[in-house]
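Undergrad: Here it is, the structure, as structure tokens.
There are 4 protein chains.
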Amino acid sequence: MLSAKNKTRPGRDKTLADIVLVDPLPRTLDLIMDPPTRARFERLGELVISEDRPMPDETVERLLPDTVLVIGQTALPKARLDRAPKLRAIFNVETNFLPNIDYAACQSRGIWVLSPASAFAAPVAEAALGMAIDLARGITTADRAMRAGTEAYGLAGNTETFRFAGSTVGLIGFGDLGREFRRLIMPFDNKVLVHDPWLPDEIIRRHHAEPVGLDDLLRRARVVLIFATVTSDNQGFLGAREFALIQPGSAVLLMSRAGVVDFPAFLDAVRRGHIRAATDVFPEEPVPADDPVRRIPGLLLSAHRTGGTEDALHAVGRMTVADAELILRGLPPQLCRRADPGIAERLRSKPIAIT
Amino acid sequence: MLSAKNKTRPGRDKTLADIVLVDPLPRTLDLIMDPPTRARFERLGELVISEDRPMPDETVERLLPDTVLVIGQTALPKARLDRAPKLRAIFNVETNFLPNIDYAACQSRGIWVLSPASAFAAPVAEAALGMAIDLARGITTADRAMRAGTEAYGLAGNTETFRFAGSTVGLIGFGDLGREFRRLIMPFDNKVLVHDPWLPDEIIRRHHAEPVGLDDLLRRARVVLIFATVTSDNQGFLGAREFALIQPGSAVLLMSRAGVVDFPAFLDAVRRGHIRAATDVFPEEPVPADDPVRRIPGLLLSAHRTGGTEDALHAVGRMTVADAELILRGLPPQLCRRADPGIAERLRSKPIAIT
Amino acid sequence: MLSAKNKTRPGRDKTLADIVLVDPLPRTLDLIMDPPTRARFERLGELVISEDRPMPDETVERLLPDTVLVIGQTALPKARLDRAPKLRAIFNVETNFLPNIDYAACQSRGIWVLSPASAFAAPVAEAALGMAIDLARGITTADRAMRAGTEAYGLAGNTETFRFAGSTVGLIGFGDLGREFRRLIMPFDNKVLVHDPWLPDEIIRRHHAEPVGLDDLLRRARVVLIFATVTSDNQGFLGAREFALIQPGSAVLLMSRAGVVDFPAFLDAVRRGHIRAATDVFPEEPVPADDPVRRIPGLLLSAHRTGGTEDALHAVGRMTVADAELILRGLPPQLCRRADPGIAERLRSKPIAIT
Amino acid sequence: MLSAKNKTRPGRDKTLADIVLVDPLPRTLDLIMDPPTRARFERLGELVISEDRPMPDETVERLLPDTVLVIGQTALPKARLDRAPKLRAIFNVETNFLPNIDYAACQSRGIWVLSPASAFAAPVAEAALGMAIDLARGITTADRAMRAGTEAYGLAGNTETFRFAGSTVGLIGFGDLGREFRRLIMPFDNKVLVHDPWLPDEIIRRHHAEPVGLDDLLRRARVVLIFATVTSDNQGFLGAREFALIQPGSAVLLMSRAGVVDFPAFLDAVRRGHIRAATDVFPEEPVPADDPVRRIPGLLLSAHRTGGTEDALHAVGRMTVADAELILRGLPPQLCRRADPGIAERLRSKPIAIT
């Protein structure tokens, strides 16, 4: 269960070994590292790996005095940090900051707390664009119609469609995912509205987008993409009132976390035909077998799968290793997101149960 | 049925009237012109319009001596051209050059024969990108799985998917549609291969693509887009042999004309699971109610509807009017495609039966 | 002086030889073709080349019956065209259509008259951007100041500069050169105004520019680029009245032909400090040694050299050969500009004296 | 000399006032804030401003207990930080981190130390592109030749030039400036090499550039841009050996700090005609009146003025205010650079003497 690598690196006294504590569940190293990345990883220090179960407390306690890097979701309250004088960085490879770390204590000690969360931005943004075009142009709907023998050809097949190109697009949340999506749609010449209360207008304008209030976005956008993270402040902030502000026939895509919407109100707006929608996330996952969500006609369903691609998981490992290399050279990380105190505590993502 | 506009424009002698002969079926003016375009159109000359039936021969014959523009698909053999000394341009607004015009005679008289065919490139390219991402990422398939209760989450839901970004893309045919598609996918950083025997390599390279032979394209591309026009030379040029060259699991999208593929061989490659595919065109349209094509699992079906959007039809009118304005000022057209003799005769598109 | 290549190609009877008549002065083949292009060129037919003097009339007359392509500026009035039944295309490699061809007769015979003029767009646009940034940011001026010991540092060195990025840019003329310049400045996020009376607004808008009248452009643009061709209609159309409309301190770049401006009025506006300017063209070239234009302080001088780069000349040859290959295959040319009747006659470029 | 604003904001007890300590020399508020930014700034707290001299120590000491923000270059050793319990952030608006702050103490207290340094990236990158095209295409040189009556026309005027488009470009240093430059040259289709030992290869590749070692870059690039910051490690790292590696006739632009090059070796390479070059920085500024650098022919001179534009200075203020607003709302800054401990200490920029 527990393996130690590199024990015999020449010129290194065992008592001086720099430990890399690897506790990555629910990820495993094979999942997040391709062979070249794994090779780079093994050169970082003495790896101690627990992959079939979370690292036992006694192991963690024993290793802390020599640990320079933690790769995983190990609990690190102040008492443990006090026992880890050589610790330089903690990488959350499940990519959701959890409340099991004393972030303020890390900050005061200069310990980086990092997450390669942006690894998932590219595959999710790509799928979001596919789904947005699908909703605008009626792709899945037209396929179902043709299978049912009810298809209409040419212009008659476009009575309820609109062009994605040129439509006003509203992005709720403008982190890595929102920016990647904005980049992908540059050739489509959309007017892009962004609502993100954590960002200054300057940042939004730099990405050729207009910073707007939430209601303004909902009233103006023909395609609304929900990319916001769940925090203690914004749970269910998109409810019946907000969906009613959206223009009838608009497309709404829920790509980040189910918790930011009032899910029944969301489904109701779809069922009534007020909006057409796609969702990659659900309040309960796996979705119960008899959940009526499975049978709503105007809803494009995706089983929390747009981010879970092999390339994204490999990027998790590659970003982790690259930043760890920098940190061990005394340089700041460049690829992972930093757990800014004050932000990390607000995040309310549930740990993932399924990779 | 027949209406003449602008008859009384002041300062114009009726006998000198410049006739614009409008014979647009299967299109109608309402279909292809928004009100501002229609207003510009009416300023071009004396409009004589036949929209509920093709313009009767006797009307055509009577108008020819004063006709400066033909808007529509009126037959114009040499004998008629001989009787139309003022004729400056013929606009095919159905957007397929037909064999009912003497193209060489037009050329020798300096009569432009034009078609605003590129109006359809933008909506078809947009839908093609939506469908390409759909096939790569399994969007429609995942929706069906979730409706059937057989969905898989996260990485498990991606065992048969690949990222569109970064995949090698092969375009067969690189006219307006191919170039618009290439433009749309710029942010995805694909390697793009182009096969188009009518184009010099220089043009293809300018669009950041690699000119290749057909077999090379089929062997290397993970996403193959068939954008080629049917000509007398290339009917069914993509058959069993060609589909066999494609890597298993690749995506193939047929977006131009059914005639360029051996359709049964195409369907067979899909049925066997060798490729996943989408098609917007069929050998017979409407597709017969009992056609088994409606029930093939790995095929995304679209009832010849990706181009038939309102904005595309309005672009047909706008491009026609803008070029007509230039021609009447003695300038060359800028927006429509020219019927180059030698090319027009090779084209084998069937006239559209359904708009 | 006269050389015939490929005379002995096996399998070709001399009497059936397809002659490629090469009469390229003031260009030479070495100037316009790199070795791979030259090799392709020699495969087109039986080359007969006159490079040290224009091809003698008697040679031309003798070759016409078997000539399929003319590469050069040979006079081709109707009488000669009548004697050239196999002629398919004429390539003007000096890249200015001259009045020594009967364009209408070519059109009625289906003979392409072509010019690879766009070969020069890329180097001229690149230089124009360098010069525009130079004028906006005072680069050459600051270099001169530092050599004179009168430089100012930091903000004090920028009292008369402005950022090119974000400035309103006006393009007068929007052919190949204007479009290439527009493409190059995309990352600078300028508002771009275009005045081109030969183009429909639709084309201009497609390039993310606003079609405007000339006076409107002059009043609004902070950087004005003169890219217009001289025609019978527009000689000297930019005069004292027009320069007075431009905002004081704006930058004006004359990149196409001196004939489109009233040159004394242009210099006067610079001398008075009303505008800062750059010019690549002059009414008389070479410029007389004592021409006072050489001593105007606010004028960036360029001796008609922005287009004359080796890569541009090689592109002339490459575009010519590629289009000739297509034409001999019965396909329309794709790279060269066509001499549209009605346009070619209006052009008033002087033949170049210096390459 | 000292002014306090907002003293009477209703509902705020004077003893509880949140002080914004403003000590911006060598900048002044007028220099770095346009009126709308100034208005936002005044809403941040009780401004206490010293602009005609550095804030006197006694004033600083008196204000520290109530200070929430420091805007300026005030010395803040640990003893002062101990007396500033409410301090949330320090903004260096001269935009060079100085050794007068205890960075580690700031980090352990969660005090942001920030600099809006990227404000200068846009104007410097723009000027660098102008200068790079100038060197490649010989723009300033050709202007001088024409003034001297020694100009050459057309191709003869391009014997020593090369196209910037398509040339291999090497960037030494890839922070804000390098990335902005890379963005600006996207339309030129250059092969871009980057050497930056502080960055992982992953970051460089994301910007469509190839990470390379320094020697490799110098050997391969036709245009070399020196964008590196001076640190304790890299002073004079570009010397005679390095300049010798560069291909003859290449262009070298020194845009960041004179300290990174062995300046005499740099000038020698230019004097010998081995490279053509531009420099915006000098070892001593202002440059002495009789410095021979002023007379080197192949060197384009710029008096440390490419960054000192009004818009850049206004961006300094706007970025500062926008990030201060976020920080006072408990959010992390988004626009300014963070003084990562370990980096700030290595920086060796001299404070600016001239704005």
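These protein sequence lines map, in sequence, to chains V, H, X and P. The numbers in the working numbering rise by one with no breaks, and the one at position 152 of the first sequence is 152. Plus 1000 on top of the position in the second sequence (first one is 1) and you've got the working numbering. Plus 2000 on top of the position in the third sequence (first one is 1) and you've got the working numbering. Plus 3000 on top of the position in the fourth sequence (first one is 1) and you've got the working numbering. For glycine and all other residues, C-beta sits at the position ideal for the given N, C-alpha and C. Source: prediction; values computed, not measured.
Does any residue of chain C bring its CB to less than 8 Å from the CB of residue 332 of chain V?
TA: This model lacks chain C altogether; the protein chains it does include are V, H, X and P.
Undergrad: Could you please give the first and the last residue of the uninterrupted alpha helix (DSSP H) stretch that includes residue 111 of chain V?
TA: Taken as a continuous stretch (DSSP letters only), residue 111 of chain V belongs to no alpha helix (DSSP H), as it is neither H nor E.
Undergrad: Residue 2330 of chain X: which of X:2073, X:2032, X:2110 sits nearest, CA to CA?
TA: For residue 2330 of chain X, the nearest C-alpha among the options comes from X:2110.
Undergrad: How many angstroms separate the CA atom of residue 1031 of chain H from the CA atom of residue 1318 of chain H?
TA: 11 Å
Undergrad: For chain V, is any of its Cβ atoms less than 8 Å away from the one on residue 3200 of chain P?
TA: yes
Undergrad: Check the DSSP bridge columns for residue 91 of chain V and list the partner residues they point to.
TA: V:71, V:114
Undergrad: Using a Cβ cut-off of 8 Å (strictly closer), state whether residue 102 of chain V contacts chain H.
TA: no
Undergrad: What residue range does the alpha helix (DSSP H) around residue 23 of chain V cover?
TA: Element bounds for residue 23 of chain V: not the alpha helix (DSSP H) but the beta strand (DSSP E), 19–23.
Undergrad: Whole angstroms is fine: what's the gap from residue 1335 of chain H's alpha carbon to residue 1278 of chain H's?
TA: 30 Å
Undergrad: For a test of the three-state rule: what should DSSP assign to residue 3035 of chain P, helix, strand or coil?
TA: The answer is helix: DSSP assigns residue 3035 of chain P an H, G or I state.
Undergrad: Is DSSP giving residue 337 of chain V helix, strand or coil here?
TA: strand
Undergrad: Determine the DSSP secondary structure at residue 3277 of chain P, reduced to helix, strand or coil.
TA: strand
Undergrad: With 16 as the cutoff for other CB atoms within 10 Å, does residue 2232 of chain X come out buried or exposed?
TA: Residue 2232 of chain X is exposed by the Cβ-count criterion.
Undergrad: So, residue 312 of chain V versus residue 122 of chain V, is the Cβ gap smaller than 8 Å?
TA: Taking 8 Å as the cut-off, the beta carbon of residue 312 of chain V is found closer than this to the beta carbon of residue 122 of chain V.
Undergrad: Pull up the distance between the alpha-carbon of residue 1193 of chain H and that of residue 1130 of chain H, whole angstroms please.
TA: 19 Å
Undergrad: Run down chain H in chain order and give the residues with a C-beta less than 7 Å from the C-beta of residue 123 of chain V.
TA: 1163
Undergrad: As an exercise, report each continuous beta strand (DSSP E) stretch of at least 3 residues that is fully enclosed by the segment 1224–1295 of chain H, in chain order.
TA: 1250–1254, 1275–1279
Undergrad: With a threshold of 8 Å on Cβ separation, who are the neighbours of residue 1012 of chain H within its own chain once the five nearest residues in sequence on each side are excluded?
TA: For residue 1012 of chain H, the pLDDT reaches just 41, beneath the cut-off of 50, and the residue's location in the model is therefore unreliable, although a value from the coordinates is still provided. Cβ within range, chain order: n/a, list empty.
Undergrad: Give me the Cβ distance between residue 3314 of chain P and residue 2153 of chain X, rounded to the nearest whole Å; I'm assuming they're in contact under 8 Å.
TA: With 8 Å as the limit, residue 3314 of chain P and residue 2153 of chain X do not qualify as a contact, their Cβ atoms being about 19 Å apart.
Undergrad: Give a yes or no on whether the C-beta atoms belonging to residue 3086 of chain P and residue 3067 of chain P are separated by under 8 Å.
TA: yes
Undergrad: Find the residues of chain P that neighbour residue 319 of chain V, judging by a C-beta separation of less than 9 Å, and give them in chain order.
TA: By Cβ distance, chain P contributes 3200, 3202.
Undergrad: Counting Cβ pairs, one atom from each stretch, are 3 or more of them under 8 Å apart for the segment 3099–3113 of chain P and the segment 2259–2277 of chain X?
TA: No, they do not touch.
Undergrad: DSSP on residue 2166 of chain X, reduced to helix/strand/coil?
TA: coil
Undergrad: Can a CB atom of chain X be found closer than 8 Å to the CB of residue 3354 of chain P?
TA: Any reading at residue 3354 of chain P is ruled out, since the residue's pLDDT is 41, under 50, leaving its predicted position unreliable.
Undergrad: Please return the same chain residues whose Cβ sits closer than 6 Å to the Cβ of residue 1088 of chain H, not counting the five positions on each side in sequence.
TA: 1068, 1327
Undergrad: Looking only at its own chain, which residues have a Cβ that is under 8 Å from the Cβ of residue 2226 of chain X, when we skip the five neighbours before and after it?
TA: Counting only Cβ-Cβ distances below 8 Å, and skipping sequence neighbours, we find 2172, 2173, 2238, 2252, 2253, 2254, 2255, 2256, 2260, 2261.
Undergrad: With distances taken Cα to Cα, identify the nearest neighbour of residue 3196 of chain P among P:3217, P:3041, P:3023.
TA: P:3217
Undergrad: Please return the same chain residues whose Cβ sits closer than 6 Å to the Cβ of residue 1337 of chain H, not counting the five positions on each side in sequence.
TA: 1115, 1117
Undergrad: Hey, would you say residue 1258 of chain H sits closer than 8 Å to residue 1287 of chain H, going by beta carbons?
TA: With contacts defined by Cβ atoms closer than 8 Å, residue 1258 of chain H and residue 1287 of chain H do not form a contacting pair.
Undergrad: If you measure beta-carbon to beta-carbon, which residues of the segment 1291–1322 of chain H are closer than 9 Å to chain V?
TA: Shown in chain order are the members of the segment 1291–1322 of chain H whose Cβ falls below 9 Å from a Cβ of chain V: 1293, 1294, 1295, 1299, 1300, 1301, 1302, 1303, 1304, 1305, 1306, 1307, 1308, 1309, 1310, 1311, 1312, 1313.
Undergrad: Taking all protein chains shown into account, do 16 or more other C-beta atoms lie within 10 angstroms of the C-beta of residue 3229 of chain P, making it buried, or fewer, making it exposed?
TA: buried
Undergrad: Buried or exposed for residue 3119 of chain P, please, with buried defined as at least 16 other CB atoms from any protein chain shown within 10 angstroms of its CB.
TA: The residue is buried, with at least 16 neighbouring Cβ atoms inside 10 Å.
Undergrad: Just by C-beta distance, which residues in the segment 78–94 of chain V are closer than 7 Å to chain H?
TA: none
Undergrad: Taking buried to mean at least 16 other C-beta atoms within 10 Å of its own C-beta, is residue 1051 of chain H buried or exposed?
TA: buried
Undergrad: If we call anything under 8 Å between Cβ atoms a contact, is residue 37 of chain V one with residue 224 of chain V?
TA: no
Undergrad: With a CB to CB cut of under 7 Å and the five nearest residues on each side skipped, what residues in its chain are close to residue 3019 of chain P?
TA: 3045, 3046, 3048, 3063, 3066, 3067, 3068
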